[in-house]
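A short worksheet on the structure shown next.
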Amino acid sequence: MDKKYPTFDICNLITNKLSNDLFNADRFQGYLLKNPPIKKVHKHSFYHLVYFTAGIGQHTIDFKSYPIEPGCIYYMRPGQVHRWEFESDVDGYVINFSATFFDQLSINSSIVDQFPFFNIFSGDQMLKISEDRSAKFVAIFEEILKELHDARDFTPTIIAADLIKLFVLSTREVHSQKLIFNKTNYNSILLKQFLDLIEENYKYIRLPRDYAALLHTTSNHLNFICKDQINMSSGEIIRNRVLLEAKRMLVNFELSVAAVAMELNFFDTSYFIKFFKKYTQLTPEAFRKQYYNKS
8 MDKKYPTFDI CNLITNKLSN DLFNADRFQG YLLKNPPIKK VHKHSFYHLV
58 YFTAGIGQHT IDFKSYPIEP GCIYYMRPGQ VHRWEFESDV DGYVINFSAT
108 FFDQLSINSS IVDQFPFFNI FSGDQMLKIS EDRSAKFVAI FEEILKELHD
158 ARDFTPTIIA ADLIKLFVLS TREVHSQKLI FNKTNYNSIL LKQFLDLIEE
208 NYKYIRLPRD YAALLHTTSN HLNFICKDQI NMSSGEIIRN RVLLEAKRML
258 VNFELSVAAV AMELNFFDTS YFIKFFKKYT QLTPEAFRKQ YYNKS
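Using our numbering, read the sequence shown as starting at 8 and increasing by one per residue.
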């Protein structure tokens, strides 16, 4: 069975964009018409957000499903696998921006880490904006589209300011107001460093003590910080990242289970199958079939 999902780069999308290809925005209905492949399962190499003003359906992000309805806003990180399932005509706004969009304006790109919907443990990637606040969100999206259209001096700076305003207003809508990454808190800083190391090394380093050594701390202290900050053990965080990548790879039918195991540095395919089944209750092949049977 030939099923392979694409990875879209920001420069390949047909939409309203800045000349440097680091940012684009559009009305969602037009975006769909100009980029039909995005209706199928895919992933991005950039940050992605969508605000719906019309339509219903379902949005699946990294194997978790959310409703599509007016007032819903979705925030996605680079690398996440997702798909849309629409039950009626939809419209709204879409924004895509590169990880370096803020850097080129001398704004540290780590600013996005402060907002809960962009972190890897967020349960708030879909927010429902209350009716009395929706006009404020629509006004920001419209201002961004106007800036893109007019393309005047300092347009990227104004767009960046509008984008940050959008993030702040969205964060205020989140029920849990605790910001996971606080730059003034030692435990928060160490957790962020740990997560960055996992992202770079999860295919090769699996033991908490090895990460602790890289962070110049003890495995017990690292575990304490993880439980204190996000109520997960350090080992669980590492394991979940490996499982997430396994799932992302398994929904690509061009890769055999053995190839996925090898890519994730499991040199024994049978061990990978046991590992996957232990934590998902499904074999890799059963997970793959279940995913596409729902499509």
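Even for Gly, the Cβ is constructed at its ideal location relative to N, Cα and C.
Measuring alpha carbon to alpha carbon, tell me which residue in the options is nearest residue i.
i, options, result
"E180", "M133, T224 and L170", "M133"
"N27", "V249, E252 and F108", "F108"
"N192", "I165, N227, Q236 and V175", "Q236"
"P43", "E138, K71 and P13", "P13"
"F30", "I196, L56, H49 and Y278", "L56"
"V258", "H49, A32, L39 and I45", "H49"
"I196", "D120, E92, F93 and Y298", "D120"
"L289", "L271, E261, A253 and A167", "A253"
"K210", "T162, R246 and F53", "R246"
"F59", "H156, A265 and V101", "V101"
"D90", "R255, S277 and I280", "According to the sequence provided, residue 90 is Arg. The question's Asp does not apply to it. Out of R255, S277 and I280, R255 has the C-alpha closest to the C-alpha of R90."
"G3", "P85, N194 and E92", "This structure does not reach residue 3, given that the chain is present from 8 up to 302, and the question cannot be answered."
"F35", "D16, A61 and A220", "A61"
"D16", "Q87, V267, N238 and F128", "Q87"
"L173", "L155, F161 and A146", "A146"
"C79", "I136, P85, Q111 and D96", "I136"
"E154", "D169, R140, Y218 and A142", "D169"
"E150", "E94, D139 and T164", "T164"
"R84", "V97, S226 and F104", "F104"
What residue range does the alpha helix (DSSP H) around residue i cover?
i, result
"L20", "Run containing L20: none; DSSP gives neither H nor E here."
"N2", "Past the boundaries of the shown model lies residue 2; the chain is included only from 8 to 302, so the question cannot be answered."
"H228", "S226 to I237"
"F294", "P291 to N300"
"D217", "P215 to L221"
"Y286", "T276 to T287"
"L251", "S241 to L257"
"E308", "Lying before the first or after the last residue shown, residue 308 is absent from the chain, which here runs from 8 to 302."
State buried or exposed for residue i, treating a residue as buried only when at least 16 other CB atoms are found within 10 Å of its CB.
i, result
"H66", "buried"
"S183", "Below a pLDDT of 50, predicted positions are generally treated as unreliable, and S183, at 48, falls in that range; the measurement from the model is reported next regardless. When all chains shown are included, S183 counts as exposed."
"C233", "buried"
"K71", "exposed"
"A32", "buried"
"P123", "buried"
"C18", "exposed"
"Q297", "exposed"
"F53", "buried"
"N23", "buried"
"F279", "buried"
"K199", "buried"
"L214", "exposed"
"H51", "buried"
"Y82", "buried"
"M8", "A caution first: M8 carries a pLDDT of 38, below 50, which makes its placement in the model too unreliable to give a value."
"Y299", "exposed"
"P74", "exposed"
"M21", "Just to set this straight, residue 21 is Ile in the shown sequence, not Met. I21 should be labelled exposed."
"F274", "exposed"
"S177", "buried"
"F148", "buried"
"S241", "buried"
On the DSSP bridge list, what partners appear for residue i?
i, result
"V110", "The sequence given here has Asp at residue 110, not Val. Its beta-bridge partners do not exist; DSSP assigns none."
"A32", "N23 and I102"
"V88", "K50"
"T14", "K50"
"F93", "G64"
Hey, would you say the C-beta of residue i is under 7 Å away from at least one heavy atom of the ligand COA?
i, result
"I127", "As presented, the structure is devoid of all ligands, the ligand COA included, so that no description of it is given."
Taking the continuous beta strand (DSSP E) assigned at residue i, which residues delimit it?
i, result
"N103", "D98 to F104"
"I80", "C79 to M83"
For this session: Please list the segments of the alpha helix (DSSP H) lying wholly inside the stretch 34-77, counting only runs of 4 or more residues, in order along the chain.
Result: As summarised for the stretch 34-77, the continuous alpha helix (DSSP H) elements at least 4 residues long and confined to that stretch are 35-41, given in chain order.
Problem set entry | Contiguous beta strand (DSSP E) assignments of at least 3 residues, all confined to the stretch 105-183 | Counting only runs of 3+ residues, the beta strand (DSSP E) found wholly inside the stretch 105-183 occupies 133-135, in chain order.
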